[in-house]
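Chains as they are written, first to last, in this note's numbering: chain P, 1 to 195; chain A, 1001 to 1195. Glycine residues also receive a C-beta, built at the ideal position from the N, C-alpha and C atoms. Okay, structure first, notes after.
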DNA sequence: AACTTGACATACTAATTAGTATGTTTACCT
DNA sequence: AGGTAAACATACTAATTAGTATGTCAAGTT
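What follows is the structure, given as structure tokens:
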């Protein structure tokens, strides 16, 4: 039996993924769990702090974990990169997931202009992902596995953009195929980086 | 002196761009124009129809116009493509615009799971853009200007994704430089398509 | 055994929301 | 000149919202 706080976090994460932060009625979410507002406001002082906790404890760690293998691997960056792209495909493997889009992208569109706490956290997570990719690319260049004629910073931004944009376009088109095309293109693009 | 309906449309478009559809209080927006709810509900039956009108009359035409030149040009697709990418750079030329992100992407993240009317319209606009790009690429292949060894459909999705994703990442990073890096990469990528 | 504390439930509130019902004014039409 | 309709304004409402104040109960602590 998982503890109540964790369950509140997860259920509200799902609700945010579905309706956006502004669309979530946190008390209805916990009502569906069979508990009341009392529990909700016992664990979280307000709705925004609940949102922050979801970013800090769920979304942040999740996304950073994805690219960790890329940053840490000591060789075969090309292979690891392909694996990461594969893991993104897995991450969006059902039509339902495609229709909801990338939780990080969703929040990135919705919240930064409205709230500073969200803005900072989304900035940090995105920045860390970009650095992880950049580090991986640089290492691959140093190892002689990748060519030297591309800018790792620029390329890292490009990877992130293409993937997040792929989620977005696939969501608009309601088409998993669209997302897979973007991943396929990115794989092809990655081949071109090899020495 | 512009007519009231048009002004309501534009002001609410800006508010949606800033706060998202769910975050907009349409009566407050018109109050800032110096008019009242009466005018608002005189021209639009409800908030959602106001949103639909913004998509149909402002956002849709705007985005389709951007890629029209690409679809219609009879030669030098490479040049036109670079011009379109430049126009995207212009479109997001201030830091303020970067912080607000792409209006189309914003709505694409927020609305489709919540409302069918938005979903259909965002689907149509995105689909039309993709087709315009695809047609342009195909024509360039037929004209012998671009190589034949790439899939125009896939590549069209890739362009859209990278651009929209570029907006998203730049918004998260609050960095116009990030967006420009993505555009720069896309230009480089475009060079690789040439025969 | 009295006391405290954590983990909730219940009942309430003040503000905000989209939307409506009902004016009023102005211009135009006949 | 009388009537009509568009273009708004004013005043209201019902529902929903996040949040609070208070209560209860079981488990430990001293």
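Burial state of residue 1166 (chain A), where buried means 16 or more other Cβ atoms lie within 10 Å
When all chains shown are included, residue 1166 (chain A) counts as buried.
Looking at the unbroken alpha helix (DSSP H) that takes in residue 1092 (chain A), where does it start and where does it end?
Per DSSP, residue 1092 (chain A) belongs to no alpha helix (DSSP H) and is neither H nor E.
List the residues that DSSP assigns as beta-bridge partners of residue 1194 (chain A).
Answer by DSSP bridge pairing, in chain order: A:1146.
May I ask which residues mark the beginning and end of the alpha helix (DSSP H) holding residue 56 (chain P)?
Looking at the DSSP string, residue 56 (chain P) is not in any alpha helix (DSSP H), and its letter there is neither H nor E.
In three-state DSSP terms, what is residue 183 (chain P)?
The answer is helix: DSSP assigns residue 183 (chain P) an H, G or I state.
Enumerate, from N- to C-terminal direction, the unbroken beta strand (DSSP E) stretches of 3 or more residues contained entirely within the segment 1094-1127 of chain A.
Within the segment 1094-1127 of chain A, no complete beta strand (DSSP E) run reaches 3 residues.
Residue-chain proximity (residue 62 (chain P), chain A), Cβ-Cβ < 8 Å:
Look at residue 62 (chain P): its C-beta is not under 8 Å from any C-beta on chain A.
Does the distance between the C-beta of residue 1008 (chain A) and the nearest non-hydrogen atom of the ligand NAP fall short of 7 Å?
This structure does not include the ligand NAP; it has no bound ligands of any sort.
May I ask which residues mark the beginning and end of the alpha helix (DSSP H) holding residue 1074 (chain A)?
Residue 1074 (chain A): not part of any alpha helix (DSSP H); DSSP gives it neither H nor E.
Output needed for residue 1138 (chain A): all residues of its chain with C-beta closer than 8 Å, excluding positions within five of it in sequence on either side, in chain order.
Within the same chain, residue 1138 (chain A) has close Cβ partners 1152.
By Cβ distance below 6 Å, which residues in the same chain neighbour residue 108 (chain P) in space, the five residues on each side in sequence not counted?
Same-chain partners within the cutoff: 122.
CB-CB length for residue 77 (chain P) against residue 146 (chain P), believed under 8 Å:
Between residue 146 (chain P) and residue 77 (chain P) the Cβ distance is about 7 Å, and since that is below 8 Å, they are a contact.
Taking 8 Å as the cut-off, does the segment 1002-1011 of chain A touch the segment 79-98 of chain P (at least 3 CB pairs, one atom from each stretch)?
Contact annotation: the segment 79-98 of chain P does not touch the segment 1002-1011 of chain A, with fewer than three C-beta pairs closer than 8 Å.
Output the boundary residues of the alpha helix (DSSP H) element that contains residue 1003 (chain A).
Where residue 1003 (chain A) is concerned, there is no enclosing alpha helix (DSSP H), because DSSP gives it neither an H nor an E.
Close Cβ partners of residue 1 (chain P) (< 6 Å) along its chain, the five nearest in sequence each way excluded:
With a pLDDT of only 48 at residue 1 (chain P), under 50, the local geometry of the prediction cannot be trusted, and no value is derived from it.
Cutoff 8 Å: residue 194 (chain P) Cβ touching any chain A Cβ
So no, residue 194 (chain P) is outside the interface.
I need the boundaries of the alpha helix (DSSP H) containing residue 1167 (chain A), first residue and last residue.
1152-1173 is the extent of the alpha helix (DSSP H) around residue 1167 (chain A).
Roughly how many whole angstroms lie between the Cα atoms of residue 96 (chain P) and residue 1035 (chain A)?
Answer to the nearest angstrom: the Cα atoms are 42 Å apart.
Where residue 8 (chain P) falls: helix, strand or coil (DSSP):
Three-state result, residue 8 (chain P): helix.
Drop a sphere of 10 angstroms on the beta-carbon of residue 148 (chain P), count the other beta-carbons inside from all chains shown, and report buried for 16 or more, exposed for fewer.
Exposed: under 16 other Cβ atoms inside 10 Å.
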